[in-house]
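See below for the structure under consideration.
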Amino acid sequence: MLAPYTLFWERLSGAIAPQVMLEELDVSHCLVHVDMTAGDHRQEAYRSLNPVMRIPALRLPDGKVIGESSAIMLVLGEAHAGSDLVPAPDDPDRPEFLFWLTSMAANGYPIFSRAWHPEQFTTNAEANESVRQRAESHLAEFFAVMDGAIAGRPYFLARGFSALDIYLAMLSEWSADRQALFEANPHVGELCRAVRERPAYRKVLEMHTAPLAA
């Protein structure tokens, strides 16, 4: 018998979206917490699973391990095609879906790293605040693009709920001021509030914001 999926996660990390996917798909899975504050993601035990030492990672039922939130979501969506969370390869919405998922992962996600950890992007400590401020302006530009691209109401694609909505909602959780974000980008706000109402998302977000057991 094949083992269930195993998701390696950290609180309020990029594991949110893949974990919501697992809950939405209602597939058996295990969770393994990786304490990034303690540097566990850099230890050999985890590095042997995910050489790039990033969270999340997903062990598949056949034992293979993959990383990157967007890649995990694609694999899960295609492995459980009946969910319609990821358009099939022959679906007319597939190109648009891939474009926007890749844009969120390649353009949106990394900006938050610069905003929250500017010291990792400069060797000059005096430049940290400049890096952070520039990242904040890039985030404003990114979410403005997302707001204009949302084709459905309230979801990203006109067809309805998809993995795009999960991913964009995850990104919004990292905003320093979600209320201001939603006021500036009302379609993003409508989408994220709708996603937060879904039981799977609520369950995962509660887990990511609750104190960890000692």
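The numbering of the sequence shown is my numbering, which starts it at 239 and goes up by one.
Positions of the beta carbon are idealized from the N, C-alpha and C atoms, including for glycine.
Query raised in the report: DSSP puts L296 in a beta bridge; with which residues?
Result: L245, I304
**Report entry** Exposure of W354, with buried meaning 16 or more beta-carbon neighbours within 10 Å
**Finding:** exposed
Report task. May I have the straight-line CA-CA distance separating A389 from V426, to the nearest angstrom? Result -> 11 Å
Query raised in the report: Where does G427 sit, in a helix, a strand or coil, going by DSSP?
Result: Three-state result, G427: helix.
**Report entry** Segments of 4+ residues assigned as alpha helix (DSSP H) that fall wholly inside the segment 313 to 391
**Finding:** 332 to 341, 347 to 354, 366 to 387
Query - Residues near E379 by beta carbon distance below 8 Å, same chain, minus five either side - result: none
Query raised in the report: What residue range is occupied by the uninterrupted beta strand (DSSP E) comprising H267?
Result: 267 to 271
Query - Distance between E282 and P294 (C-alpha atoms, nearest Å) - result: Taking the straight line from one Cα to the other gives about 16 Å.
Query - Outcome for V290 when other beta-carbon atoms lying within 10 angstroms are tallied against a minimum of 16 - result: Exposed.
Report task. Going by CA-CA distance only, name the one from A317, R280, I254 that's closest to L443. Result -> I254
Query raised in the report: Leaving out five residues before and five after F394 in sequence, what residues of the same chain have Cβ atoms less than 6 Å from its Cβ?
Result: I388, L402, D403
Query raised in the report: What residues in its chain sit with their C-beta under 6 Å from that of L409, if we drop five residues either side in the sequence?
Result: G346
Query raised in the report: To the nearest angstrom, how far is it from the Cα of G305 to the Cα of H271?
Result: Going from the Cα of G305 to the Cα of H271 covers about 15 Å.
Query raised in the report: Whose C-beta lies closer than 8 Å to the C-beta of E421 among residues of the same chain, with five residues either side of it excluded?
Result: G427
**Report entry** Through-space distance from A407 to L419, alpha-carbon basis
**Finding:** 12 Å
Query raised in the report: So, using beta-carbon positions, are S266 and V324 closer together than 9 Å?
Result: no
Query - Nearest candidate by alpha-carbon position, reference D278, set K302, E248, L269 - result: E248
Requested in this report: List the whole-angstrom C-beta distance separating P256 from L245, where the pair is believed to meet the contact cut-off of C-beta under 8 Å.
Outcome: 6 Å
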